[in-house]
Structures are given as structure tokens and as C-alpha cells.
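Position 178 of the sequence shown, counting from 1, maps to 185 under the working numbering, and the rest follow consecutively.
For each residue, glycine too, the CB sits at the ideal point set by N, CA and C.
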Amino acid sequence: MGNKTPLYQCHLDAGARIVDFAGWDMPINYGSQLTEHEVVRSDAGMFDVSHMTVVDVSGNNAMAYLQYLLANDVARLGTRGKALYSCMLNEQGGVIDDLIVYYLRDNFYRVVINSATREKDLAWLAQQGQNFTDINIRFRDDVAMIAVQGPRAIEKSLALFDEHQQQALSQLARFQGAEFDDCFVARTGYTGEDGFEILMLSDRIADLWDRLLAAGVAACGLGARDTLRLEAGMNLYGSDMDETTSPLISGLSWTVAMKDERDFIGRQALQAQKDEGLQQSFVGLLLLDKGVLRNHLKVVTAIGDGEITSGSYSPTLQQSIAMARVPTGASGEVEVEVRNRLLKAKIVKLPFVREGKSMLTNEG
Numbered sequence: 008m009g010n011k012t013p014l015y016q017c018h019l020d021a022g023a024r025i026v027d028f029a030g031w032d033m034p035i036n037y038g039s040q041l042t043e044h045e046v047v048r049s050d051a052g053m054f055d056v057s058h059m060t061v062v063d064v065s066g067n068n069a070m071a072y073l074q075y076l077l078a079n080d081v082a083r084l085g086t087r088g089k090a091l092y093s094c095m096l097n098e099q100g101g102v103i104d105d106l107i108v109y110y111l112r113d114n115f116y117r118v119v120i121n122s123a124t125r126e127k128d129l130a131w132l133a134q135q136g137q138n139f140t141d142i143n144i145r146f147r148d149d150v151a152m153i154a155v156q157g158p159r160a161i162e163k164s165l166a167l168f169d170e171h172q173q174q175a176l177s178q179l180a181r182f183q184g185a186e187f188d189d190c191f192v193a194r195t196g197y198t199g200e201d202g203f204e205i206l207m208l209s210d211r212i213a214d215l216w217d218r219l220l221a222a223g224v225a226a227c228g229l230g231a232r233d234t235l236r237l238e239a240g241m242n243l244y245g246s247d248m249d250e251t252t253s254p255l256i257s258g259l260s261w262t263v264a265m266k267d268e269r270d271f272i273g274r275q276a277l278q279a280q281k282d283e284g285l286q287q288s289f290v291g292l293l294l295l296d297k298g299v300l301r302n303h304l305k306v307v308t309a310i311g312d313g314e315i316t317s318g319s320y321s322p323t324l325q326q327s328i329a330m331a332r333v334p335t336g337a338s339g340e341v342e343v344e345v346r347n348r349l350l351k352a353k354i355v356k357l358p359f360v361r362e363g364k365s366m367l368t369n370e371g
């Protein structure tokens, strides 16, 4: 038996197929992963993401602490509720985890990190916090979270809030949140669709789940969440990057702020990698032959071999797609080794899909 979120009974009541996910008993689907994927692309679906780890960082040195801890710079956050995506690196420039940090008010930030890395992340946060005075690091094990995603997600969610909250939420920009007395709502997500991630106290989350169901939001499992994020070109920790790979070869260079003199953990290692020249790049792959691309398959290019980091069938494109790490400079058609056969594929730009629409062009 694994850990259970406060919504576990809701999943059982809905007939969910439960699987182990990083030590948590989570719904993989409620009958049809394909249907759940499609409802998020066309209407509104919701995911239990209460297994994610929420940490509040406060105190006079909270910003300085996070500036040192993260590769992206929280000093960019000047608007209340604004969110920033970043990697948290080790001294070698490897990715300990990827996360979102929200600026809620002066000297107070909310950090949302992955579930699979919870224990090591919390230990790392505490270890690095020893170098700073006047900071408080609080693990919020009293809260739970639901992600409502899709082109009608905001419309259907707003009806559940009072008039004052509706007004505030309707004005939210993307990657921004709003804090209320009883919840925190952010216009963020992990599907390539618009929507909200709603965080509130655990003892109230089941009521929200039921009210969302009544509003016409479909329950969706982690299976659809994975194919949605892959189509959107969004990295999964442990597959597309980990402690042995830097953000520079994981398609995450845009999350690294190195233009100023700010020191952060892993900066020297990243600078050395840039000075030496990056030997690998992170790309999308579109399978041209029949078959399915899976994680860890070999990618054969004209200038050397690479490896698929995440691969699956795309319900939106009705083709097999993948993200892969290949030799820098590789382009055009390549081959993927599948069961001792070489299948044709081509390198394309990420993402594959944005808000339900294919981003592929004739040129890839």
C-alpha cells in the first residue's frame, strides 16, 4: 500500500484504475485514457495532483535564499502571484528537480516540487537553508491540489467561486496566481492547455472535486496527463532530465538566468559546459514508419547516436512522437532502433501541440 491523497476515495468511487506512482496510489485512468486525453484538448478535465510537494519559504532572506538555490532568478518576480519555472541544480549542474515558485508577497514565496523527489528535495532545501539567517521553510503537508485543464476549464471553474474571487481570477495572466483566505489558484498547468491549478486545505478538497464534477469537468488520470505533457513538449523529471543531466542539454536553457553576476548552485558547472561547447541537444521526434516510440530507444543520426527520453503515441496527431537527446547538429531524418529494427523518424521542433492544435509544419 502506498501513500494516498485526500481524494483517494473519490477515485475509488469513480471506478479509477489505481497504480503505484512514486510511492503513491494514484489513478492512471477512469476507463479510457484516450477519452480523458481528448476531453482535456476539447473541453475540461481535472487531475488530482495532491501528491506534489508544496513548500512555503518566508523571511527577510527568502529571496536571497531562492536566488542561490535556483538556476532561474526569482528577482524577476515583481507582480504579486507571478510564477517562475526553474530547475534546482547540484554543484555539477545536474537537475535535482524542476519546480514552480510563486511570489505571493514581500519575503514570502510558494514552491511546488515533484512528488517522486520529495524526501531528497526537502533535505536539500533544509541543507542549503543553513547558510541563511531569517528564513522559514515550511512543508505544507496540510494542503491538496487539483489541476483543471482544457479550453473550457476556466469557464467551468469560475462558477464555483464567489463574485469577488471570480473577478480576481478572470483577470489573472498566464503563469500568475491569486491568494484567497481559503485557497490559492494559479493559471498554470502541465498539459499545454489553459486552466487553473487550485490548492486548498486537504479536508476541503473532496468537496471541490465533487463540485467540479457537477460543473461538467471530467476526472482524468495520470496516463492522459503524461501524453498531454509530451505533446506539449514539457519535461518529466526522471525521464527527460535528472541529476546527471544539465538543463542546457534538456531543452531548459531558457530557465537558466546567467546574464548577471548572481551566484547560484551549479553556475560554475554550467559555464564550463558552455565554454567547452555542448555535445548534445534536446529535440522532438516524429515517427514516419509504423510503430510506437518508447523511452530509452536508440536514435541513430548521421553524426552519432542519441536516446529517446520520453516517447508515446500522440492521440492529437495520431502518430508516435518522442523527445530525445541527440548529438548537437543532428537534423532531418534519423532512425530509431525498435526491437532490432530501424524505423524512420524525423527531428522536429517542440512542442508538438499547443492548445489542441498541431505545431508541426511541412519543414518539421
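For the alpha helix (DSSP H) that residue i lies in, which residues bound it at each end?
i, result
"Leu179", "Looking at the DSSP string, Leu179 is not in any alpha helix (DSSP H), and its letter there is neither H nor E."
"Val47", "40-49"
"Leu349", "Premise fails: Leu349 lies in the beta strand (DSSP E), 348-355, not in any alpha helix (DSSP H)."
"Tyr197", "That residue, Tyr197, is in no alpha helix (DSSP H); it is neither H nor E in DSSP."
"Ala71", "69-76"
According to DSSP, simplified to helix, strand and coil, what is residue i?
i, result
"Arg236", "helix"
"Ile25", "strand"
"Glu370", "A caution first: Glu370 carries a pLDDT of 48, below 50, which makes its placement in the model unreliable, though a value can still be read off. Three-state DSSP puts Glu370 in coil, outside helix and strand."
"Ile161", "helix"
"Arg83", "helix"
"Arg269", "coil"
"Ser365", "strand"
"Thr140", "coil"
"Thr316", "strand"
"Ala221", "helix"
Assign residue i to buried or exposed, taking buried as 16 or more other Cβ atoms, counted over all protein chains shown, within 10 Å of its Cβ.
i, result
"Gly273", "buried"
"Ile379", "The requested residue 379 does not occur in the structure, where the chain is confined to residues 8 to 371."
"Ser122", "buried"
"Glu370", "Because Glu370 sits at a pLDDT of 48, beneath the cut-off of 50, its placement in the model cannot be relied upon, and the following sentence gives the value as read from the coordinates. Exposed."
"Asp247", "buried"
"Trp261", "exposed"
"His58", "buried"
"His18", "buried"
"Ala133", "exposed"
"Lys163", "buried"
"Ile389", "Summary: the structure shown does not reach residue 389, with the chain confined to residues 8 through 371, and so no result is reported for it."
"Ala78", "buried"
"Glu43", "buried"
"Arg125", "buried"
"Met8", "exposed"
"Asn242", "buried"
"Leu275", "A quick correction: the sequence has Gln, not Leu, at residue 275. Gln275 comes out exposed."
"Thr368", "exposed"
"Thr251", "exposed"
"Ile153", "buried"
"Asn36", "buried"
"Glu200", "buried"
"Asp27", "exposed"
"Ile310", "exposed"
"Asp55", "buried"
"Gly230", "buried"
Mind checking who residue i pairs with in its DSSP beta bridge?
i, result
"Asn36", "Arg24"
"Gln280", "DSSP lists no partner for Gln280."
"Thr308", "Gly311"
"Met53", "Val155, Ala226"
"Ile205", "Ile153, Val192"
"Gln326", "Ser321"
"Pro334", "Gln287"
"Met241", "Answer by DSSP bridge pairing: none, since Met241 is not bridged."
"Trp216", "Answer is none; Trp216 lacks a bridge partner."
Thinking residue i and residue j are a contact (beta carbons under 8 Å), I'd like their distance in whole angstroms, please.
i, j, result
"Ala160", "Phe203", "7 Å"
"Gly291", "Leu304", "Incorrect: roughly 14 Å between the Cβ atoms, too far for contact."
"Leu308", "Ala337", "According to the sequence displayed, residue 308 carries Thr and not Leu. Rounded, the Cβ-Cβ distance is 4 Å, consistent with contact."
"Thr198", "Leu235", "4 Å"
"Ala90", "Phe182", "4 Å"
"Leu294", "Ser327", "4 Å"
"Val341", "Val306", "6 Å"
Taking the continuous beta strand (DSSP E) assigned at residue i, which residues delimit it?
i, result
"Arg112", "102-112"
"Ala151", "150-156"
"Arg145", "143-146"
"Gln287", "287-294"
"Met95", "90-96"
"Ala128", "It is Asp, not Ala, that sits at residue 128 in the sequence shown. Per DSSP, Asp128 belongs to no beta strand (DSSP E); it is in the alpha helix (DSSP H), 125-136."
"Tyr116", "115-120"
"Ala185", "184-186"
"Thr60", "60-65"
"Glu344", "340-345"
Please determine whether the Cβ atom of residue i lies at a distance below 7 Å from any heavy atom of the ligand NAP.
i, result
"Trp131", "The ligand content of the structure shown is nil, which means the ligand NAP is not present either."
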